[in-house]
Structure formats: C-alpha cells, structure tokens
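A.B. asks:
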C-alpha cells in the first residue's frame, strides 16, 4: 500500500499538559507509573487500561495502532460488514491475556469530546 501518509497521529491531538487524569475513565491519575497514551483515532489522552486495543487506521499507518475503548467500539461498529479483520488486542504482541470489559460511557464524555 501507499504509506505516504504514515503519520500515526489523530487529526486533533490533545496536548499532554491538558490532562492529569484519563479522559476516558476519569479515575486514573497519570504519574511515572501510570503513563499517558494518545488514542490515534480521536487524539484523547487515556490510560493503559482504557487503550489496550489496536485498530487498523489505513489513513494513518499500514499497521494497527493504539485506540481508546470508545473509538475501538465505534470503529468496530462501522466496520462490521468488512470481510477483513481490522482489530487486534495489544496483548496479541506481548503474550498477555486480555479480557476486555466495557462499561457504558456517560453522555458527558461525548459532550466533552466536542469541547476539544
């Protein structure tokens, strides 16, 4: 494929200094041990627990990239009819078991997305 657009970043990247806690679960405080991660789809700053999934975003890269749980669900819904498998758990590469669990995302989360 054409990798001319090999950016691996979202169009709206939230700067690191804009979040002290995970923008998804809102409970994980970032520290030396709880590192910040960016969702490559929405650009939000999320914790490891809220961004364990990878998804193929062809406009960014030819390999699967980190996405937050919310984007993973949305992207999967959008791609249900595609014959190709676009998803992969990050544990696929490191050998760890991962049993994803999804909790309902509060409406305020989606309202906050629009504020960025």
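In UniProt numbering, the protein residues as written are 1 to 116. Don't be surprised by glycine CBs; every beta carbon is placed ideally from N, CA and C.
Could you tell me which of 27, 22 and 26 sits nearest to residue 37, measuring between CA atoms?
C.D. replies: Taking only the C-alpha atoms, the option nearest residue 37 is 22.
A.B. asks: Checking 8 angstroms against the spacing of the C-beta atoms, do residue 65 and residue 40 come in under that value?
C.D. replies: If you check the CB distance, residue 65 and residue 40 come in under 8 angstroms.
A.B. asks: Give the straight-line distance between the Cα atoms of residue 57 and residue 28, rounded to the nearest whole angstrom.
C.D. replies: 26 angstroms
A.B. asks: Only counting the same chain, and skipping five residues up and downstream in sequence, which positions put a Cβ closer than 7 angstroms to that of residue 50?
C.D. replies: Taken in chain order, the residues that qualify are 22, 24, 25, 68 and 69.
A.B. asks: Whose CA, out of 76, 43 and 77, lies closest to the CA of residue 18?
C.D. replies: If we check each option's Cα against that of residue 18, 43 comes out closest.
A.B. asks: Going by beta carbon distance, what residues of the same chain come within less than 8 angstroms of residue 16, once the five residues before and after it are set aside?
C.D. replies: 36 and 45
A.B. asks: Quick one: give me the first and last residue of the beta strand (DSSP E) that residue 55 is part of.
C.D. replies: 53–56
A.B. asks: Among the candidates 30, 63 and 60, whose CA atom is the shortest distance from the CA of residue 47?
C.D. replies: 30
A.B. asks: Work out the CA separation of residue 62 and residue 75 for me, nearest whole Å.
C.D. replies: 16 angstroms
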